Structures are given as structure tokens and as C-alpha cells.
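Residue numbers (my numbering): 10 to 283.
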């Protein structure tokens, strides 16, 4: 079974070669050095291959590839071809509305406070429309989204970039309307969204202890209370916790390792159990 260390150690050869992982998934290493995840399977007497994504900082993580592999295997068990469904998705993209059209619909219909809507519209019209107004979804790919975030970061160093969030929220609205389209913001890593600027903690250790105790008396759902405790105990960012998968947790040694692809500084972080 592959690990991130093993993937990073793979070297290109004169010809394409494969390295197996699990559940039928493997990585394909190109002579150029590009590494991608793929899944081979048999369905209705035919051998098919589905491309899951490119590995690396501008692609997807090993954990995410395994999730996609499991999704594909569920489809196969149901008699559906992941490869054919992916082709159909590409065809649907050709009939999709432009980013500008659906973005306007999102700004009008998405549930949010008036102040949030005003801020979203300002960012949408100032940063996104000039670049993506007439583009169809799927045409403003991850590289374009990354370039947009990097340009804004250069103009406003030290600020978290909201540009990646608005296409993502716009996309959720499209999914609710039955449209299946890839999210360009998925391919923008945390390091591309903001430059790290050190700052003081908002809470002192004493204040954190008080908050942990007071959480027991807050009238909220048990899951929210547990989530807040995890934040206080691990001090990770919201996205690092909400995007965590079980493969990142070593239960035997009580260690949770966040892969570098999901870290703002692009350095893996290990959090030990308490």
C-alpha cells in the first residue's frame, strides 16, 4: 500500500509505469514525472479505466484519491461505469451556463446575511467577473483559479483570499439544481490562498481551559460541542479538521497526521492524542 513518502520517492523512467495501491487503484508515473491516480475494473465483460486525478500540490492527495476510488467502486457495484459517467459529465459541461450567469443567480438566491451578500458581491464583481464572466464551468480550471488567488495575494499579502470560496459556494447552488460540475477551487491548495503572517493567539491557555469547561453548559448539539473541543485541543484550522479522513489517523499510536497538501505551509503536521 502506498504512502505519501513512497509517492514522492517515485522517479520517472523512459516509459510509463504503474505502482499498485489498494482496492484496484494504482498510480501511473509518466516520463515527464507527472503522477496520476487511476482505477482499472471490469464491468459487463469489459475492462475499463477511470482517471481519478493528478497527485501533488496542484492536484489531489492520496487520501482524496482513495475516497474517489471507493466512490467509483460503489458505482461499479451498482452496475454503473465511472468512466462513462465521467464522459457524460464532460458533455454536460458544454451545455452549462457561464460563470457570470450562475454567479449572479447565486448572489440573489443563496441564503446569507445582507452584509455577507454585499461583501460577496463586491468580491465577485471586482475580482472574479473580469476574469471569468463568460467562461463555462470546467473552463476556469484549477490552474486559472490558483493564478487568480496568487495575483490577489501579491496585491494583498498576509490576507486570506476569499476568491476561492465564492466559486465553491456558487458550485453548491448548481449541484442543488441537479448540475454535476467540477469545482475549480478544489485544486487550489491552502498555500495559494494566503501568505502566512504570524500573529498572537486569540486565547491564552487559561482562557482555553475556561472555554473547555464552559462548553459543557452550552445548549448545543453534542456533535458541535465535540467539534469545538477538537479545535481547542488540536489548534488546527477549520478546513484541516472538516476535511480530515480516517486514513490520516493512526489509532494504534494515537496520532493524527495532516498531509502537507492540506496545510497552508505545505508541511505535514502530526497531532498526538492527549
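Heads up, the beta-carbon is just placed ideally off N, CA and C, and yes, glycines get one too. Just so it is clear, the structure is predicted and the values come from calculations on it, not from any experiment.
| Item | Value |
| --- | --- |
| Which two residues bound the contiguous beta strand (DSSP E) that contains residue 27? | 26-29 |
| For residue 46, tell me which candidate among 33, 55 and 54 has the shortest Cα-Cα distance. | 33 |
| Between residue 211 and residue 246, what straight-line distance do the alpha-carbon atoms span, to the nearest angstrom? | 13 Å |
| With 16 other CB atoms within 10 Å as the buried threshold, where does residue 73 fall? | buried |
| Give every residue of the same chain whose Cβ lies closer than 6 Å to the Cβ of residue 11, excluding the five residues on either side of it in the sequence, and list them in chain order. | 30 |
| Kindly indicate which three-state DSSP category residue 79 falls into: helix, strand or coil? | helix |
| List the whole-angstrom C-beta distance separating residue 57 from residue 50, where the pair is believed to meet the contact cut-off of C-beta under 8 Å. | 6 Å |
| Around the C-beta of residue 20, are 16 or more other C-beta atoms found within 10 angstroms, so that it is buried, or is it exposed? | exposed |
| Using CA atoms only, rank isn't needed, just tell me which of 260, 259 and 248 is closest to residue 271. | 248 |
| Indicate the three-state DSSP secondary structure (helix, strand or coil) for residue 23 in the structure shown. | coil |
| Can you tell me where the alpha helix (DSSP H) with residue 130 in it begins and where it stops? | 123-132 |
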